[in-house]
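Report on the structure given below.
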Amino acid sequence: MSKTRLFLCFSKCSLAAALAGFALSPAALGQAPPTPSFELIADYSTPVPGGSGNFSLFADAKAIEGERVVFVGYDSGSGSGIYRFENGVLERWVDENTQVPGTSDFFQIFFDVELDGGIVTFSGGWPGPGGGCAFSGSEGVFADRFQGGALQVVSDSLSSVNHCYHGVALDRGILAFAGGVDPVDVIHNHSESIMATTAPGTFQVVFDTTTASPSGGTFFGYDQDFVLRNGRIMFTEVLNNTFGAVAGVYTDYNDGFGPRLVADANTAIPGGSGNFKNFAGVDWDGDEVAFVGRDSGNASALYAGTSPSNLRVVVNTATPVPGETSNFLGISNPIAYDDGVFVFSGYWAGGGYGLFAEANGAVYSILKKGEILDGRVVEQAFCKTQNKDGRRLLIEVRFQPALSHRGLYLVRY
93 MSKTRLFLCF SKCSLAAALA GFALSPAALG QAPPTPSFEL IADYSTPVPG
143 GSGNFSLFAD AKAIEGERVV FVGYDSGSGS GIYRFENGVL ERWVDENTQV
193 PGTSDFFQIF FDVELDGGIV TFSGGWPGPG GGCAFSGSEG VFADRFQGGA
243 LQVVSDSLSS VNHCYHGVAL DRGILAFAGG VDPVDVIHNH SESIMATTAP
293 GTFQVVFDTT TASPSGGTFF GYDQDFVLRN GRIMFTEVLN NTFGAVAGVY
343 TDYNDGFGPR LVADANTAIP GGSGNFKNFA GVDWDGDEVA FVGRDSGNAS
393 ALYAGTSPSN LRVVVNTATP VPGETSNFLG ISNPIAYDDG VFVFSGYWAG
443 GGYGLFAEAN GAVYSILKKG EILDGRVVEQ AFCKTQNKDG RRLLIEVRFQ
493 PALSHRGLYL VRY
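In this text, residue positions in the sequence shown follow the numbering used here: the first is 93, and each later residue adds one.
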(Lines of atoms letter the chains of each structure in order from A and count residues from 1; the text may use other names and numbers.)
(Lines give C-alpha, C1' and ligand atoms only; values in the text may rest on other atoms or scores of the structure.)
Protein backbone atom coordinates (compact mmCIF):
# COMPACT_ATOMS: atom_id res chain seq x y z
CA MET A 1 0.00 0.00 0.00
CA SER A 2 1.45 3.39 -0.93
CA LYS A 3 1.92 6.20 1.57
CA THR A 4 -0.70 8.23 -0.28
CA ARG A 5 -3.13 5.36 0.09
CA LEU A 6 -2.28 5.16 3.77
CA PHE A 7 -3.15 8.80 4.18
CA LEU A 8 -6.45 8.47 2.35
CA CYS A 9 -7.70 5.80 4.74
CA PHE A 10 -7.17 7.74 7.96
CA SER A 11 -9.96 7.49 10.54
CA LYS A 12 -10.22 9.04 14.01
CA CYS A 13 -11.75 5.83 15.35
CA SER A 14 -8.92 3.43 14.56
CA LEU A 15 -5.32 3.83 13.56
CA ALA A 16 -5.76 0.65 11.51
CA ALA A 17 -7.72 2.82 9.14
CA ALA A 18 -5.03 5.46 9.34
CA LEU A 19 -1.51 4.03 9.18
CA ALA A 20 -1.09 1.00 7.15
CA GLY A 21 22.72 -0.97 16.47
CA PHE A 22 22.92 -2.33 19.62
CA ALA A 23 21.99 -5.99 19.78
CA LEU A 24 24.03 -7.13 22.79
CA SER A 25 25.59 -5.21 25.63
CA PRO A 26 29.39 -5.60 25.77
CA ALA A 27 29.09 -5.87 29.54
CA ALA A 28 26.61 -8.74 29.13
CA LEU A 29 29.20 -10.49 26.96
CA GLY A 30 31.89 -10.07 29.58
CA GLN A 31 33.56 -7.21 27.71
CA ALA A 32 34.26 -3.70 28.92
CA PRO A 33 31.43 -1.27 28.07
CA PRO A 34 32.18 1.11 25.21
CA THR A 35 33.85 4.41 26.01
CA PRO A 36 31.62 7.22 24.76
CA SER A 37 33.02 10.15 22.82
CA PHE A 38 31.51 13.61 23.13
CA GLU A 39 31.36 16.20 20.35
CA LEU A 40 30.21 19.67 21.36
CA ILE A 41 27.37 20.98 19.21
CA ALA A 42 26.77 24.27 21.02
CA ASP A 43 27.03 25.73 24.51
CA TYR A 44 26.67 29.06 26.27
CA SER A 45 30.01 30.13 24.77
CA THR A 46 28.89 29.43 21.19
CA PRO A 47 27.89 32.42 19.02
CA VAL A 48 24.36 32.04 17.64
CA PRO A 49 24.46 31.77 13.83
CA GLY A 50 22.58 34.79 12.51
CA GLY A 51 21.55 35.77 16.04
CA SER A 52 22.58 38.04 18.89
CA GLY A 53 25.51 37.03 21.08
CA ASN A 54 25.88 33.48 22.39
CA PHE A 55 23.30 30.82 23.13
CA SER A 56 21.51 31.46 26.44
CA LEU A 57 19.14 28.48 26.57
CA PHE A 58 18.36 25.18 24.84
CA ALA A 59 14.74 24.05 24.65
CA ASP A 60 13.56 20.47 25.08
CA ALA A 61 12.70 20.45 21.39
CA LYS A 62 15.58 18.71 19.61
CA ALA A 63 16.06 15.76 17.24
CA ILE A 64 18.78 13.50 15.83
CA GLU A 65 19.18 11.35 12.73
CA GLY A 66 22.59 9.74 12.40
CA GLU A 67 25.16 12.55 12.44
CA ARG A 68 22.52 15.24 11.87
CA VAL A 69 21.01 17.27 14.69
CA VAL A 70 18.36 20.00 14.88
CA PHE A 71 17.40 21.90 18.03
CA VAL A 72 15.55 24.95 19.32
CA GLY A 73 17.83 27.47 21.00
CA TYR A 74 17.74 31.05 22.30
CA ASP A 75 20.25 33.85 21.85
CA SER A 76 21.37 36.44 24.40
CA GLY A 77 18.39 38.64 23.52
CA SER A 78 15.93 35.73 24.07
CA GLY A 79 15.38 35.43 20.34
CA SER A 80 14.60 31.85 19.33
CA GLY A 81 15.43 29.73 16.32
CA ILE A 82 15.93 26.21 15.02
CA TYR A 83 19.55 25.33 14.29
CA ARG A 84 21.10 22.43 12.40
CA PHE A 85 24.39 20.65 13.00
CA GLU A 86 26.28 18.23 10.75
CA ASN A 87 29.97 17.37 10.30
CA GLY A 88 31.02 19.93 12.88
CA VAL A 89 29.13 22.78 11.19
CA LEU A 90 26.42 24.69 13.07
CA GLU A 91 23.99 26.78 11.02
CA ARG A 92 20.74 28.67 11.39
CA TRP A 93 17.79 26.81 9.87
CA VAL A 94 14.86 29.11 10.74
CA ASP A 95 14.51 31.82 13.38
CA GLU A 96 12.53 34.93 14.22
CA ASN A 97 13.86 36.57 11.06
CA THR A 98 12.21 33.87 8.94
CA GLN A 99 8.97 34.88 7.25
CA VAL A 100 5.99 32.59 7.74
CA PRO A 101 5.03 31.17 4.32
CA GLY A 102 1.91 32.79 2.91
CA THR A 103 1.99 35.72 5.34
CA SER A 104 3.82 38.99 5.90
CA ASP A 105 4.62 37.96 9.47
CA PHE A 106 7.71 36.38 11.02
CA PHE A 107 8.00 33.46 13.39
CA GLN A 108 7.99 34.37 17.07
CA ILE A 109 8.18 31.01 18.87
CA PHE A 110 9.01 27.35 18.17
CA PHE A 111 7.30 24.50 20.03
CA ASP A 112 8.70 21.20 18.74
CA VAL A 113 10.98 19.84 16.02
CA GLU A 114 11.53 16.43 14.39
CA LEU A 115 14.00 15.01 11.85
CA ASP A 116 13.59 11.90 9.70
CA GLY A 117 14.62 10.93 6.18
CA GLY A 118 16.45 14.22 5.71
CA ILE A 119 13.22 16.17 6.34
CA VAL A 120 12.80 18.59 9.24
CA THR A 121 9.34 19.42 10.53
CA PHE A 122 8.43 21.79 13.34
CA SER A 123 5.53 23.52 15.06
CA GLY A 124 5.65 27.22 15.77
CA GLY A 125 3.72 30.43 16.28
CA TRP A 126 3.67 34.03 15.08
CA PRO A 127 1.62 37.21 15.65
CA GLY A 128 -1.81 36.86 14.11
CA PRO A 129 -5.36 35.69 14.74
CA GLY A 130 -5.35 33.59 17.91
CA GLY A 131 -7.52 30.64 18.74
CA GLY A 132 -7.47 30.61 22.53
CA CYS A 133 -4.32 28.50 22.91
CA ALA A 134 -1.61 29.32 25.44
CA PHE A 135 0.22 31.18 22.67
CA SER A 136 -2.05 34.09 21.73
CA GLY A 137 -1.37 34.10 18.02
CA SER A 138 -1.38 31.95 14.92
CA GLU A 139 0.19 28.48 15.01
CA GLY A 140 1.13 25.83 12.48
CA VAL A 141 3.29 22.91 11.38
CA PHE A 142 5.94 23.36 8.69
CA ALA A 143 8.47 21.20 6.86
CA ASP A 144 11.57 21.48 4.68
CA ARG A 145 14.71 19.57 3.78
CA PHE A 146 17.52 19.45 6.34
CA GLN A 147 19.79 21.24 3.85
CA GLY A 148 17.18 23.97 3.45
CA GLY A 149 14.93 24.94 0.58
CA ALA A 150 11.39 26.24 0.30
CA LEU A 151 9.66 26.04 3.67
CA GLN A 152 6.21 24.46 3.30
CA VAL A 153 3.07 24.86 5.36
CA VAL A 154 1.78 21.45 6.41
CA SER A 155 -1.18 22.82 8.35
CA ASP A 156 -1.83 26.08 10.18
CA SER A 157 -4.53 28.02 11.97
CA LEU A 158 -5.03 30.30 8.97
CA SER A 159 -6.02 27.50 6.60
CA SER A 160 -7.67 24.88 8.84
CA VAL A 161 -10.13 24.59 11.70
CA ASN A 162 -7.26 23.98 14.12
CA HIS A 163 -6.00 26.74 16.38
CA CYS A 164 -3.45 24.71 18.35
CA TYR A 165 -0.30 22.93 17.13
CA HIS A 166 2.07 21.26 19.58
CA GLY A 167 4.17 18.09 19.25
CA VAL A 168 5.30 16.62 15.92
CA ALA A 169 6.48 13.14 14.91
CA LEU A 170 7.82 12.00 11.54
CA ASP A 171 8.49 8.48 10.28
CA ARG A 172 8.93 7.22 6.70
CA GLY A 173 7.00 10.05 5.11
CA ILE A 174 4.11 10.05 7.57
CA LEU A 175 3.84 13.20 9.70
CA ALA A 176 1.74 13.26 12.86
CA PHE A 177 1.10 16.30 15.01
CA ALA A 178 -0.78 17.04 18.21
CA GLY A 179 -3.13 19.98 18.54
CA GLY A 180 -6.72 20.72 17.67
CA VAL A 181 -9.39 23.37 17.68
CA ASP A 182 -9.21 24.18 21.38
CA PRO A 183 -6.87 23.45 24.30
CA VAL A 184 -7.98 20.82 26.82
CA ASP A 185 -6.48 22.67 29.81
CA VAL A 186 -4.01 25.44 30.63
CA ILE A 187 -0.90 23.45 29.63
CA HIS A 188 0.09 24.43 26.09
CA ASN A 189 1.48 21.04 25.07
CA HIS A 190 -1.73 19.21 26.06
CA SER A 191 -3.80 18.56 22.93
CA GLU A 192 -7.33 17.46 22.14
CA SER A 193 -6.26 15.37 19.16
CA ILE A 194 -3.45 13.69 17.25
CA MET A 195 -3.60 14.18 13.49
CA ALA A 196 -1.60 12.81 10.57
CA THR A 197 -0.81 13.52 6.95
CA THR A 198 1.45 12.54 4.08
CA ALA A 199 0.90 15.72 2.07
CA PRO A 200 0.96 19.44 2.96
CA GLY A 201 -2.44 21.08 3.22
CA THR A 202 -4.33 17.95 4.24
CA PHE A 203 -4.68 16.03 7.50
CA GLN A 204 -6.97 13.58 9.22
CA VAL A 205 -7.74 13.11 12.91
CA VAL A 206 -6.36 9.84 14.30
CA PHE A 207 -7.35 10.23 17.97
CA ASP A 208 -9.39 12.89 19.76
CA THR A 209 -11.46 13.37 22.90
CA THR A 210 -14.22 11.13 21.51
CA THR A 211 -11.85 8.17 21.02
CA ALA A 212 -12.62 5.26 23.33
CA SER A 213 -9.86 4.51 25.82
CA PRO A 214 -8.99 0.95 26.91
CA SER A 215 -8.79 2.43 30.41
CA GLY A 216 -12.50 3.29 30.20
CA GLY A 217 -14.45 6.24 28.83
CA THR A 218 -12.75 8.45 26.28
CA PHE A 219 -9.33 10.10 26.23
CA PHE A 220 -9.12 13.47 28.00
CA GLY A 221 -6.19 14.76 25.96
CA TYR A 222 -2.77 13.93 24.56
CA ASP A 223 0.79 14.90 25.45
CA GLN A 224 3.04 16.36 22.75
CA ASP A 225 5.59 13.53 23.13
CA PHE A 226 4.43 10.60 21.00
CA VAL A 227 6.28 8.23 18.67
CA LEU A 228 5.67 6.83 15.18
CA ARG A 229 7.33 3.52 14.28
CA ASN A 230 6.66 1.61 11.06
CA GLY A 231 3.05 2.73 10.77
CA ARG A 232 2.37 2.25 14.48
CA ILE A 233 2.07 4.85 17.22
CA MET A 234 2.78 5.19 20.94
CA PHE A 235 1.12 8.02 22.86
CA THR A 236 0.17 9.13 26.37
CA GLU A 237 -2.95 10.58 27.96
CA VAL A 238 -2.43 13.78 29.93
CA LEU A 239 -3.46 14.58 33.48
CA ASN A 240 -5.69 17.65 33.66
CA ASN A 241 -3.62 20.81 34.28
CA THR A 242 -0.60 18.74 35.32
CA PHE A 243 2.89 19.23 33.92
CA GLY A 244 5.60 16.56 34.10
CA ALA A 245 3.33 13.53 34.53
CA VAL A 246 0.84 11.62 32.37
CA ALA A 247 -2.11 9.38 33.25
CA GLY A 248 -1.49 6.42 30.95
CA VAL A 249 0.64 4.96 28.16
CA TYR A 250 -0.88 3.44 25.00
CA THR A 251 -0.02 2.03 21.59
CA ASP A 252 -1.95 1.40 18.39
CA TYR A 253 -0.52 -1.34 16.20
CA ASN A 254 -2.50 -0.59 13.04
CA ASP A 255 -4.25 -3.95 13.29
CA GLY A 256 -7.88 -2.88 13.56
CA PHE A 257 -8.12 -3.24 17.34
CA GLY A 258 -7.61 0.43 18.18
CA PRO A 259 -5.60 1.78 21.13
CA ARG A 260 -4.02 -0.76 23.47
CA LEU A 261 -3.16 -0.17 27.09
CA VAL A 262 0.48 -0.42 28.16
CA ALA A 263 0.01 0.96 31.69
CA ASP A 264 -2.30 3.26 33.63
CA ALA A 265 -3.28 4.01 37.24
CA ASN A 266 -5.04 0.63 37.49
CA THR A 267 -1.89 -1.29 36.49
CA ALA A 268 -0.02 -3.21 39.17
CA ILE A 269 3.63 -2.24 39.61
CA PRO A 270 5.86 -5.17 38.61
CA GLY A 271 8.26 -6.09 41.40
CA GLY A 272 6.58 -3.60 43.71
CA SER A 273 3.37 -3.01 45.64
CA GLY A 274 0.16 -1.30 44.63
CA ASN A 275 -0.60 0.36 41.32
CA PHE A 276 1.16 3.08 39.38
CA LYS A 277 0.27 6.65 40.38
CA ASN A 278 1.42 8.29 37.14
CA PHE A 279 4.13 8.21 34.49
CA ALA A 280 6.91 10.47 33.26
CA GLY A 281 9.48 9.91 30.49
CA VAL A 282 8.25 7.54 27.76
CA ASP A 283 9.88 6.20 24.59
CA TRP A 284 9.32 3.33 22.17
CA ASP A 285 11.49 1.23 19.87
CA GLY A 286 8.49 -0.16 17.98
CA ASP A 287 8.21 -3.20 20.23
CA GLU A 288 8.50 -2.58 23.96
CA VAL A 289 7.52 0.75 25.47
CA ALA A 290 9.97 2.18 28.00
CA PHE A 291 8.65 4.49 30.69
CA VAL A 292 9.33 5.99 34.09
CA GLY A 293 6.57 4.89 36.47
CA ARG A 294 5.83 6.37 39.89
CA ASP A 295 4.20 4.71 42.88
CA SER A 296 1.90 6.26 45.49
CA GLY A 297 4.92 7.75 47.27
CA ASN A 298 6.30 9.23 44.01
CA ALA A 299 9.23 6.78 44.00
CA SER A 300 10.28 6.28 40.38
CA ALA A 301 11.76 3.39 38.42
CA LEU A 302 12.27 2.40 34.78
CA TYR A 303 9.96 -0.20 33.26
CA ALA A 304 9.31 -1.76 29.85
CA GLY A 305 6.64 -3.88 28.20
CA THR A 306 3.77 -3.94 25.75
CA SER A 307 0.81 -4.50 28.12
CA PRO A 308 0.04 -4.71 31.85
CA SER A 309 0.53 -8.49 31.67
CA ASN A 310 4.18 -8.41 30.58
CA LEU A 311 5.65 -5.30 32.19
CA ARG A 312 9.12 -5.76 33.64
CA VAL A 313 11.53 -3.78 35.78
CA VAL A 314 14.54 -2.40 33.92
CA VAL A 315 16.11 -0.27 36.67
CA ASN A 316 14.87 0.31 40.22
CA THR A 317 16.15 0.70 43.77
CA ALA A 318 17.58 -2.83 43.67
CA THR A 319 19.86 -1.91 40.75
CA PRO A 320 23.50 -1.06 41.66
CA VAL A 321 24.92 2.18 40.28
CA PRO A 322 27.93 1.37 38.07
CA GLY A 323 31.15 2.37 39.79
CA GLU A 324 29.41 3.29 43.06
CA THR A 325 28.72 1.48 46.33
CA SER A 326 24.98 2.18 46.40
CA ASN A 327 21.86 1.43 44.40
CA PHE A 328 19.73 3.86 42.44
CA LEU A 329 17.20 5.86 44.46
CA GLY A 330 15.15 6.78 41.41
CA ILE A 331 14.98 7.63 37.72
CA SER A 332 14.48 11.13 36.33
CA ASN A 333 12.47 12.33 33.34
CA PRO A 334 13.16 12.13 30.37
CA ILE A 335 14.42 8.83 28.91
CA ALA A 336 15.31 7.48 25.46
CA TYR A 337 14.93 3.96 24.04
CA ASP A 338 16.10 2.54 20.71
CA ASP A 339 17.42 -0.80 19.43
CA GLY A 340 16.80 -2.44 22.80
CA VAL A 341 19.00 0.03 24.68
CA PHE A 342 17.58 2.27 27.42
CA VAL A 343 19.17 5.66 28.16
CA PHE A 344 18.15 7.27 31.44
CA SER A 345 19.17 9.73 34.14
CA GLY A 346 19.41 8.20 37.60
CA TYR A 347 20.24 9.45 41.08
CA TRP A 348 21.52 7.83 44.27
CA ALA A 349 22.43 8.57 47.89
CA GLY A 350 24.79 11.44 48.63
CA GLY A 351 23.55 13.62 45.78
CA GLY A 352 24.87 11.36 43.03
CA TYR A 353 23.47 11.86 39.55
CA GLY A 354 24.33 10.58 36.10
CA LEU A 355 23.33 9.50 32.61
CA PHE A 356 23.35 5.74 32.05
CA ALA A 357 22.45 3.06 29.51
CA GLU A 358 20.98 -0.41 30.06
CA ALA A 359 21.05 -3.32 27.63
CA ASN A 360 20.36 -6.99 28.27
CA GLY A 361 20.44 -6.54 32.03
CA ALA A 362 23.75 -4.64 32.17
CA VAL A 363 23.93 -0.98 33.20
CA TYR A 364 26.86 1.22 32.29
CA SER A 365 27.72 4.87 32.82
CA ILE A 366 27.74 7.52 30.10
CA LEU A 367 28.39 10.64 32.18
CA LYS A 368 28.25 11.31 35.94
CA LYS A 369 28.03 14.33 38.19
CA GLY A 370 31.52 15.47 39.14
CA GLU A 371 33.22 14.21 35.98
CA ILE A 372 35.09 16.66 33.77
CA LEU A 373 33.88 17.38 30.24
CA ASP A 374 35.57 20.05 28.13
CA GLY A 375 37.27 21.41 31.25
CA ARG A 376 34.02 21.87 33.20
CA VAL A 377 32.53 19.93 36.11
CA VAL A 378 29.36 18.06 35.17
CA GLU A 379 26.24 18.54 37.31
CA GLN A 380 23.48 16.88 35.22
CA ALA A 381 22.95 15.19 31.84
CA PHE A 382 19.74 14.33 29.99
CA CYS A 383 18.68 12.46 26.85
CA LYS A 384 15.15 13.23 25.62
CA THR A 385 12.57 10.94 23.99
CA GLN A 386 13.68 9.92 20.47
CA ASN A 387 17.12 11.50 20.98
CA LYS A 388 18.87 8.16 20.50
CA ASP A 389 19.61 6.89 17.00
CA GLY A 390 21.62 3.69 16.87
CA ARG A 391 24.94 4.30 18.63
CA ARG A 392 24.46 8.06 18.76
CA LEU A 393 22.83 10.19 21.43
CA LEU A 394 21.86 13.84 21.54
CA ILE A 395 22.22 15.01 25.14
CA GLU A 396 22.13 18.22 27.14
CA VAL A 397 24.77 18.63 29.85
CA ARG A 398 24.50 21.14 32.68
CA PHE A 399 27.63 22.17 34.52
CA GLN A 400 28.65 23.45 37.94
CA PRO A 401 28.42 25.84 39.58
CA ALA A 402 24.63 26.13 39.90
CA LEU A 403 23.91 24.90 36.35
CA SER A 404 25.41 28.17 35.09
CA HIS A 405 26.76 26.66 31.86
CA ARG A 406 24.95 24.27 29.51
CA GLY A 407 25.85 22.49 26.31
CA LEU A 408 24.46 20.13 23.68
CA TYR A 409 26.62 17.14 22.75
CA LEU A 410 26.58 14.43 20.11
CA VAL A 411 27.62 11.23 21.90
CA ARG A 412 29.01 8.24 20.00
CA TYR A 413 29.63 4.89 21.69
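Virtual Cβ for every residue (Gly too), placed ideally from N, Cα, C.
Within its own chain, the residues whose Cβ lies closer than 6 Å to the Cβ of V186, once the five positions on either side in sequence are excluded, are I174, listed in chain order.
Closest option to G313, judged by alpha-carbon separation, among V278, S230 and G422: V278. Of the residues G309, S388, F383 and S399, the one whose Cα lies closest to the Cα of T477 is F383. Around the beta carbon of T411, a 10 Å sphere encloses 16 or more other beta carbons of the protein chains shown; the residue is thus reported as buried. In this structure, A337 lies away from P292, with their beta-carbon atoms at least 9 Å apart.
Assignment of P351 by DSSP, reduced to helix, strand and coil, places it in the coil class. In the DSSP assignment, C475 falls within the beta strand (DSSP E) that extends over R468 to D481.
The three-state reading of DSSP puts D431 in coil, since its state is none of H, G, I, E or B. Fewer than three beta-carbon pairs drawn from the region 127-147 and the region 190-198 are found closer than 8 Å, and the two stretches are therefore not classed as touching. DSSP places V330 inside the beta strand (DSSP E), whose first and last residues are R324 to V330.
Exposure of T127 is indicated by the presence of fewer than 16 other C-beta atoms within 10 angstroms of its C-beta.
Counting of Cβ neighbours within 10 angstroms places I458 among the buried residues, the total reaching 16 or more. Distance between T301 and V273, taken at the CA atoms: about 11 Å.
Residue pairing for A270: DSSP places it in a beta bridge opposite I286. Counting other Cβ atoms within 10 Å of its Cβ, T289 reaches 16 or more and is therefore classed as buried. Under the DSSP definition of a beta bridge, K154 partners with F163. Secondary structure of G336 (DSSP, three-state): coil. In this structure A261 touches E206 by the C-beta definition: roughly 6 Å separates them, less than 8 Å.
A residue is called buried once 16 or more other Cβ atoms fall within 10 Å of its Cβ, and G323 is buried on that count.
Here W440 is not near L465, since their CB atoms are 9 Å or more apart. CA-to-CA, the gap between L447 and R468 works out to about 16 Å. Separation of E178 and G210 (C-alpha to C-alpha, rounded to the nearest whole angstrom) is 12 Å. Closest option to G438, judged by alpha-carbon separation, among T417, D431, K460 and V489: K460. Around the Cβ of A449, a 10 Å sphere holds 16 or more other Cβ atoms; the residue is buried.
Taken through DSSP and simplified to helix, strand or coil, A134 comes out as strand.
In the three-state DSSP reduction, N390 falls in the coil class, being neither helix nor strand.
Within the DSSP bridge table, the entry for N419 names P412 as partners. Residue state for P306 is assigned as coil, using DSSP reduced to three classes. If you look at H258, you'll find it in the beta strand (DSSP E) that goes C256 to D263. Listed in chain order, the non-local C-beta contacts of G378 below 6 Å within the same chain comprise R321 and N322, local neighbours out to five positions each way being set aside. Residue pairing of A360 in beta bridges, as defined by DSSP: N367. In this structure, DSSP gives Q239 a state outside helix and strand, which the three-state scheme calls coil. For I487, the enclosing beta strand (DSSP E) covers residues R484 to F491. Distances from the alpha-carbon of S285 to those of D167, R264, Y257 and G169 put Y257 closest. When the Cα atoms are used, G271 and D387 turn out to be separated by approximately 30 Å.
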